[in-house]
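A short worksheet on the structure shown next.
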Amino acid sequence: MQRIILVDDHHIVRQGLEFLLSTVENLEVIEGFSDGESFLNYIAENELPDIVLLDLVMPNMNGIEITEKLKTTYPQIKILVLTSYIDDEHVISAIDKGADGYEMKDVEPEQLIDSINRVLNGEKIIHPQAQNVIESVNKKPHMTNKLSKREIEVLTEMVKGKTNKEIAATLFVSEKTVKTHVSHIFNKLQVTDRTKAAIYAMENKLI
């Protein structure tokens with residue numbers, strides 16, 4: 001019997017999931033929580049579950065934070081994100097922090113059960129919409145042309161509105177060196193000016 005914990009701040013969602021999973025012979029819902037802190041306090045003192053069905057947006061501690069803490073302390077626990085969020089910030093963050101799967105809340109019941117079992121068997125299950133987000137992000141210029149540590153430092157100062165001369169003074173390099181870095185940043189991010197570079201950096205959380 002595979003032990004499941006549900007973490008979702010909507011009682012009706014937890015209730016529906018518990019009813020659905022009660023019909024599956026090899027799965028047992030042992031607890032449900034509406035926030036991350038209560039959940040983490042529980043597993044620190046009780047037998048660990050095999051898998052957690054985890055929402056991403058909740059009070060006190062969101063699903064991204066829970067995923068990071070859980071995988072750091074209990075890496076053997078599988079995490080299947082079950083959410084309605086499909087933007088790159090949620091998808092990429094959840095996967096980067098160690099989630100074993102990413103499913104949408106409108107998934108068909110049979111598909112959800114299949115995803116749970118496959119994650120328990122060691123597979124990485126990503127909903128097609130989430131997979132599209134991942135592929136889209138991976139195609140962005142900064143993913144295919146990584147900025148160096150120094151280029152990130154220069155870009156950070158550019159976002160603050162500093163001139164090349166001011167950046168040079170801040171980083172203790174020559175103004176010519178800064179100009180070279182700025183040129184490389186423009187090429188790598190496929191932008192044509194400082195404003196566009198700053199907007200790109202903020203939108204994609206490069207700094």
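Residue 1 is where the sequence shown starts when you use the UniProt record's numbering, and the numbers rise one by one after that. Glycine included, each C-beta is placed from N, C-alpha and C at the ideal position.
By the Cβ rule, the segment 76-94 counts as touching the segment 40-58, because three or more pairs are nearer than 8 angstroms.
For F39, the CB contacts under 6 angstroms within the same chain, skipping 5 residues up- and downstream, are V7, F33 in chain order. Shown here, L21 sits in a helix according to DSSP, grouped into three states. If you look at V178, you'll find it in the alpha helix (DSSP H) that goes 175-189.
Rounded to the nearest whole angstrom, the CA to CA distance from P141 to A201 is 11 angstroms. In the DSSP assignment, M104 falls within the beta strand (DSSP E) that extends over 101-104.
Here DSSP, grouped into helix, strand and coil, assigns T83 to strand. Spanning the alpha carbons of N26 and P128 requires a straight line of approximately 26 angstroms. The continuous alpha helix (DSSP H) containing V133 extends over residues 128-138. One thing to note: L21 has its Cβ no nearer than 8 angstroms to the Cβ of I43.
Cβ atoms of V119 and D100 come within 8 angstroms of each other, at about 5 angstroms. Here H184 is near E151, since their CB atoms are less than 8 angstroms apart. Less than 8 angstroms separates the beta-carbon of V52 from that of I79.
Pairing A130 with K124, the inter-Cα distance amounts to about 12 angstroms. For L70, the closest C-alpha among the options I167, K149, L48, S174 is that of L48. Collapsing the DSSP output to three states places I207 in coil.
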